[in-house]
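Novice: Chains A and B, in that order, are what the protein sequence lines are. In this text, residue positions in the first sequence follow my numbering: the first is 1376, and each later residue adds one. In this text, residue positions in the second sequence follow my numbering: the first is 1376, and each later residue adds one. Idealized CB from N, CA, C, for every residue including glycine. All values reported here derive from a predicted model rather than from experimental measurement.
Number of protein chains: 2
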Amino acid sequence: MAKGEKSIGIGLCGLGTVGGGTFNLLAEGQKEIVRRTAVDIKIVQVACLIDNPACDLSHVKVTRDVFDVVNNPDVDIVVELIGGTDLARQLVLAAIAQGKHLVTANKALIATHGDEIFAAAQQRGIMVCFEAAIAGAIPVVKAIREGLAADRITWLAGIINGTSNFILTEMEEKHRDFDDVLAEAQRLGYAEADPAFDIEGIDAAHKLSILSSIAFGVPINFDSVYTEGIAKITQQDISYASELGYRIKHLGISRLTEDGIELRVHPTLIPAKDMLANVNGAMNAVLVHSDAAGNTMYYGAGAGSKPTASAVVADIIDVVRHMDSAPEKRTPYLGFQAESILDQDVLPIEKVRCAYYLRVEVLDKTGVMASISTILSNNLISIEALIQKEASEFLNGLTKAHVPIVIITNRIVEASLNKAIAEIEALDDINGEVTRIRVEALEGDHG
Amino acid sequence: MAKGEKSIGIGLCGLGTVGGGTFNLLAEGQKEIVRRTAVDIKIVQVACLIDNPACDLSHVKVTRDVFDVVNNPDVDIVVELIGGTDLARQLVLAAIAQGKHLVTANKALIATHGDEIFAAAQQRGIMVCFEAAIAGAIPVVKAIREGLAADRITWLAGIINGTSNFILTEMEEKHRDFDDVLAEAQRLGYAEADPAFDIEGIDAAHKLSILSSIAFGVPINFDSVYTEGIAKITQQDISYASELGYRIKHLGISRLTEDGIELRVHPTLIPAKDMLANVNGAMNAVLVHSDAAGNTMYYGAGAGSKPTASAVVADIIDVVRHMDSAPEKRTPYLGFQAESILDQDVLPIEKVRCAYYLRVEVLDKTGVMASISTILSNNLISIEALIQKEASEFLNGLTKAHVPIVIITNRIVEASLNKAIAEIEALDDINGEVTRIRVEALEGDHG
Chain A
1376 MAKGEKSIGI GLCGLGTVGG GTFNLLAEGQ KEIVRRTAVD IKIVQVACLI DNPACDLSHV
1436 KVTRDVFDVV NNPDVDIVVE LIGGTDLARQ LVLAAIAQGK HLVTANKALI ATHGDEIFAA
1496 AQQRGIMVCF EAAIAGAIPV VKAIREGLAA DRITWLAGII NGTSNFILTE MEEKHRDFDD
1556 VLAEAQRLGY AEADPAFDIE GIDAAHKLSI LSSIAFGVPI NFDSVYTEGI AKITQQDISY
1616 ASELGYRIKH LGISRLTEDG IELRVHPTLI PAKDMLANVN GAMNAVLVHS DAAGNTMYYG
1676 AGAGSKPTAS AVVADIIDVV RHMDSAPEKR TPYLGFQAES ILDQDVLPIE KVRCAYYLRV
1736 EVLDKTGVMA SISTILSNNL ISIEALIQKE ASEFLNGLTK AHVPIVIITN RIVEASLNKA
1796 IAEIEALDDI NGEVTRIRVE ALEGDHG
Chain B
1376 MAKGEKSIGI GLCGLGTVGG GTFNLLAEGQ KEIVRRTAVD IKIVQVACLI DNPACDLSHV
1436 KVTRDVFDVV NNPDVDIVVE LIGGTDLARQ LVLAAIAQGK HLVTANKALI ATHGDEIFAA
1496 AQQRGIMVCF EAAIAGAIPV VKAIREGLAA DRITWLAGII NGTSNFILTE MEEKHRDFDD
1556 VLAEAQRLGY AEADPAFDIE GIDAAHKLSI LSSIAFGVPI NFDSVYTEGI AKITQQDISY
1616 ASELGYRIKH LGISRLTEDG IELRVHPTLI PAKDMLANVN GAMNAVLVHS DAAGNTMYYG
1676 AGAGSKPTAS AVVADIIDVV RHMDSAPEKR TPYLGFQAES ILDQDVLPIE KVRCAYYLRV
1736 EVLDKTGVMA SISTILSNNL ISIEALIQKE ASEFLNGLTK AHVPIVIITN RIVEASLNKA
1796 IAEIEALDDI NGEVTRIRVE ALEGDHG
């Protein structure tokens, strides 16, 4: 070790995709990290259930028990990459009790137990870093908590689940069906064998609840996130959206309004020219609107071994830089001083204002269109765009008598839309349910 | 002041566009800043040549002499927003000598005197922050120095001059001419009365030299940046580029190669589907490729009063957080420890490898095309794409006998291209010079 270098001991818990990537990045990147920090960061112990063949463990202590790592006096920083919320919570709280600083990539843990963990850590003056929990390699936690520290953030919107974005991109670009692309995503390892967390939006909801908290200085409200996945999106809707100048993306959106905080994850039509609309494949991006900076966006790989390890190791370097600082001088866990975190109501989805894409199949277009228009108008909903096709253009799946009508509405309160849809579905000449997808024009929206 | 809050004194030098924005943001954002930092950040003195009518100066000491601010014992942090390089350099060095920390938005100052300033500051344990100097509101300095601290960065490319991007966007979208859009940009205040810094690429070269330094850990090499502006870009080239699936953007590109560092600012054809290609108007974006994170991109407003003030005040908050830390624990000025900054050769432009867009007007297309092909082939240059139009399609400006030929080449060393172009221009049937624009497929390039 060169003159002036110090050594910091890392205890690595978990050696799966992200753990293995972190192990190897610390080994391969060591020279560059010393160039930046003048500190020698050394893995002193690894806990894993099975060895990872991609990692050379010959020079490191390996244990099967994560608590061995927590109790190892040579460990200064515990890196929690075991996933899940039960054992991970115990591990993290035990590490805090031992005075070890923490780095984690575990969004479920922070979204569900963050408040408890941060309170315990604050009492002991312990750092807890979680950049890797949100949008993988993208330093968006740092951007929001530090880069925009002078700003009042008013809303943010993100493509924060790579699997959903991969599926929607393939469906759009290659005209493939949802089930077909999902099966491929599973083969490629993007989606878990049980893909529910990804495609039902739960993973995105975990991340959104954390982003919302660090943006607005509110508690983490995972239980209040309105969550809708992508399973109902069809080729037909993607194609109509495109005809209207939109693309369908699975977004997490949080917005500060006078009546409360919007916190919602759902498929969304956004203008095809928007930056977010051009985020394709498994890539992630978070667009943030704040009063001084305006729109800023952060883009990159949202998952994967090396990209996530990049964020984990950057967090380790952050801990090394700040572990000796007075705790009150460090950036607070959620970006705001604990006593300044203000609980605000989360707006129920029925009270959220949004524009909508509606698709309805009608039997006799002339007469029904008049009825639909009347219902919308009676509910004070206006039609901003409309597609009506001749029956002959639509043969696939529909009988000639079924004609789709596609409508984009103005911005309205969801409760009004629910009422209008119920009335439309009660009409005699309607086939099946009304399809609805929310529409946002974020990049032009400076509210 | 609430319990536990400390007060930090700011000396604000310069009250123009950015200075005025900073003054007002500190006033309006004070409550939110206290929520984040528990520190009361107060402007104790302002130096300006004329008062800014947008700022209420009634509760602050105002001086015409910036050195009054430097010598004011109540000032903890000097914020240099006077611009220029001579007085600004004296001011900054005097502040360092007085033990004041520094925040600046001055890219010309850092690009030309950064090494001297950082050396002086390091001796005194002084912080010097310059997030606002590059890409306005976008926290890209923080992203590179801290967010990607675990990564080896291999290249970066950015749209880092809003005026040039505004002009190119207007030319493309509205089919307007360069001079016409430039005049509007001047009316709108995007471009200075003397727009040379912007449209000749000097402003972008300042920023690129700093970005390259913090990405690779090399000295700031402003004098070695190859710099080309946008004045020669025509409607015709924008339209051919579009036909070939490209857009023309003014990029700053720096890349680490085995033979040295590429450091170049020039108009560039990039695939129309790339994220960078969709950065429009006065917006900026920096795309970074690193070994672990892969491609990450940072997007936002690159200039303007409030966006730049957002970065200035975020830097002030960073200083407040780290001014009491041990200097060796802080993120180094250029992201790397001073003794680890390695001087590397900057590759002369003749040695840079690039693909090229070539446009040449020929008198007799059949015969000349064969000659051109032979010249390219003899210089080991291959044709990746080609547009040849019938003479009758081209009447504007050209006589019927003049036919444009547009070629995209493979990636070749610039010296070979220079030789080929000289040979082509020596042909009898060529009208005028060969137009050349570099082509990069950055987002698919993981080298």
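If you compare alpha carbons, which of A:Lys1381, A:Asp1612, A:Ala1480 is closest to Thr1620 of chain A?
Specialist: The amino acid occupying residue 1620 of chain A in the given sequence is Gly; Thr does not appear at that position. That would be A:Asp1612, whose Cα lies nearest to the Cα of Gly1620 of chain A.
Novice: What whole-angstrom Cβ distance do Ala1524 of chain A and Arg1411 of chain B have, given they're in contact under 8 Å?
Specialist: The pair is a contact, with the Cβ atoms about 6 Å apart (cut-off 8 Å).
Novice: Please classify Gln1561 of chain A: does DSSP put it in a helix, a strand, or coil?
Specialist: In the structure shown, Gln1561 of chain A sits in a helix (DSSP, three-state: H, G or I).
Novice: Considering just the uninterrupted stretch of the beta strand (DSSP E) at Met1658 of chain B, what are its terminal residues?
Specialist: Start and end: 1658-1665.
Novice: List, in chain order, every chain B residue whose beta-carbon is nearer than 8 Å to that of Lys1681 of chain A.
Specialist: Those are Asp1666, Ala1667, Ala1668, Gly1669, listed as they occur along chain B.
Novice: Would you list, in chain order, the members of the stretch 1700-1731 of chain A that have their beta-carbon closer than 8 Å to a beta-carbon of chain B?
Specialist: If the cut-off is 8 Å between Cβ atoms, the stretch 1700-1731 of chain A has Ser1700, Ala1701, Glu1703, Lys1704, Arg1705, Thr1706, Pro1707, Gly1710, Phe1711, Gln1712, Ser1715 near chain B.
Novice: Work out the CA separation of Asn1653 of chain B and Ala1579 of chain B for me, nearest whole Å.
Specialist: Those two C-alpha atoms are separated by around 19 Å.
Novice: Run down chain B in chain order and give the residues with a C-beta less than 9 Å from the C-beta of Tyr1674 of chain A.
Specialist: The contacting residues are Met1650, Ala1660, Leu1662, Asn1670, Thr1671, Met1672, Tyr1673, Tyr1674.
Novice: Listing by chain order, which chain A residues have their CB less than 8 Å from the CB of Ser1685 of chain B?
Specialist: Leu1523, Ala1525, Asp1526, Ser1665, Ala1667, Ala1668, listed in chain order.
Novice: Using a cut-off of 9 Å between C-beta atoms, extract the partners of Val1478 of chain A located in chain B.
Specialist: Residues of chain B passing the Cβ test: none, with the nearest at roughly 11 Å.
Novice: Looking at the structure shown, is Thr1392 of chain B part of a helix, part of a strand, or coil, going by DSSP?
Specialist: Of the three classes helix, strand and coil, the one that applies to Thr1392 of chain B here is helix, per DSSP.
Novice: Would you tell me roughly how many angstroms separate the C-alpha atoms of Ala1413 of chain A and Arg1696 of chain B, rounded to the nearest one?
Specialist: Using only the alpha carbons, I get a separation of about 21 Å.
Novice: For a contact defined as C-beta to C-beta under 7 Å, what are the partners of Arg1410 of chain B on chain A?
Specialist: Residues of chain A passing the Cβ test: Gly1592, Phe1711, Gln1712, Ser1715.
Novice: Within 8 Å of any Cβ in chain B, is that where the Cβ of Arg1696 of chain A sits?
Specialist: With 8 Å as the cut-off, Arg1696 of chain A counts as an interface residue toward chain B.
Novice: Step through the CB atoms of chain A and report whether any lies within less than 8 Å of the CB of Asn1481 of chain B.
Specialist: Not an interface residue.
Novice: Look at the alpha carbon of Val1478 of chain B and the alpha carbon of Gly1604 of chain B, and state the distance between them as a whole number of angstroms.
Specialist: Spanning the two alpha carbons is a distance of roughly 29 Å.
Novice: By how many angstroms is the C-alpha of Glu1407 of chain A removed from the C-alpha of Ala1518 of chain B?
Specialist: Answer to the nearest angstrom: the Cα atoms are 16 Å apart.
Novice: Given a cut-off of 8 Å on the beta-carbon distance, is the pair Val1737 of chain A and Asn1596 of chain A in contact?
Specialist: No, the pair does not count as a contact, with Cβ atoms beyond the cut-off.
Novice: Just grab the DSSP bridge partners of Ile1762 of chain A for me.
Specialist: Answer by DSSP bridge pairing, in chain order: A:Val1781.
Novice: Grouping DSSP H, G and I as helix and E and B as strand, with all else coil, what is Tyr1732 of chain A?
Specialist: In the structure shown, Tyr1732 of chain A sits in a strand (DSSP, three-state: E or B).
Novice: Let me know the secondary structure DSSP gives Leu1722 of chain A once reduced to three states.
Specialist: Coil at Leu1722 of chain A, not helix or strand.
Novice: So, at 8 Å on beta carbons, what are the nonlocal neighbours of Leu1424 of chain A in its own chain, with the 5 sequence-adjacent residues on each side left out?
Specialist: So the qualifying residues of the chain are Arg1439.
Novice: Three-state secondary structure (DSSP) at Ser1433 of chain A?
Specialist: Here Ser1433 of chain A sits in coil by DSSP.
Novice: Which same chain residues end up closer than 6 Å to Ser1791 of chain B when comparing Cβ atoms and leaving out the 5 residues on each side of it in sequence?
Specialist: Taken in chain order, the residues that qualify are Asn1754.
Novice: Can you give me the C-alpha to C-alpha distance between Asp1690 of chain A and Asn1481 of chain A, rounded to a whole angstrom?
Specialist: Going from the Cα of Asp1690 of chain A to the Cα of Asn1481 of chain A covers about 13 Å.
Novice: What three-state label does DSSP hand Tyr1674 of chain A in the structure shown?
Specialist: Three-state result, Tyr1674 of chain A: strand.
Novice: Hey, Leu1717 of chain A and Gly1635 of chain A: beta-carbon distance below 8 Å or not?
Specialist: Against a cut-off of 8 Å, the Cβ pair of Gly1635 of chain A and Leu1717 of chain A comes out as no contact.
Novice: Could I get the ranges of all uninterrupted beta strand (DSSP E) runs contained in the stretch 1518-1575 of chain A, with 3 residues as the minimum, in chain order?
Specialist: Counting whole runs of 3 or more residues, the stretch 1518-1575 of chain A contains the beta strand (DSSP E) stretches 1528-1534.
Novice: Is there a Cβ from chain A that is less than 8 Å from the Cβ of Pro1514 of chain B?
Specialist: True, the Cβ-Cβ gap to chain A drops below 8 Å.
Novice: Could you give the C-beta distance for Thr1784 of chain B and Ala1730 of chain B, rounded to a whole number, given that I count them as a contact under 8 Å?
Specialist: About 6 Å; that satisfies the 8 Å criterion.
Novice: Indicate whether at least one CB of chain A lies closer than 8 Å to the CB of Ser1617 of chain B.
Specialist: No, because no Cβ of chain A sits closer than 8 Å to the Cβ of Ser1617 of chain B.
Novice: Just to confirm my understanding: we take Met1546 of chain B, look at its own chain, exclude 5 residues before and 5 after, and list those with CB closer than 8 Å. What are they?
Specialist: These residues qualify, in order along the chain: Asp1552, Phe1553, Val1556, Ile1608, Gln1610, Ile1613.
Novice: Put Arg1464 of chain A into one of helix, strand or coil per three-state DSSP.
Specialist: In this structure, Arg1464 of chain A counts as helix in the three-state DSSP scheme.
Novice: Note the first and the last residue of the continuous alpha helix (DSSP H) segment covering Lys1853 of chain B.
Specialist: Nothing about residue 1853 of chain B can be read from this structure; chain B reaches only from 1376 to 1822.
Novice: Check Pro1682 of chain B in the structure and name its three-state DSSP category.
Specialist: Correct three-state label for Pro1682 of chain B: helix.
Novice: DSSP three-state call for Glu1815 of chain A: helix, strand or coil?
Specialist: Reduced to three states, the DSSP call for Glu1815 of chain A is coil.
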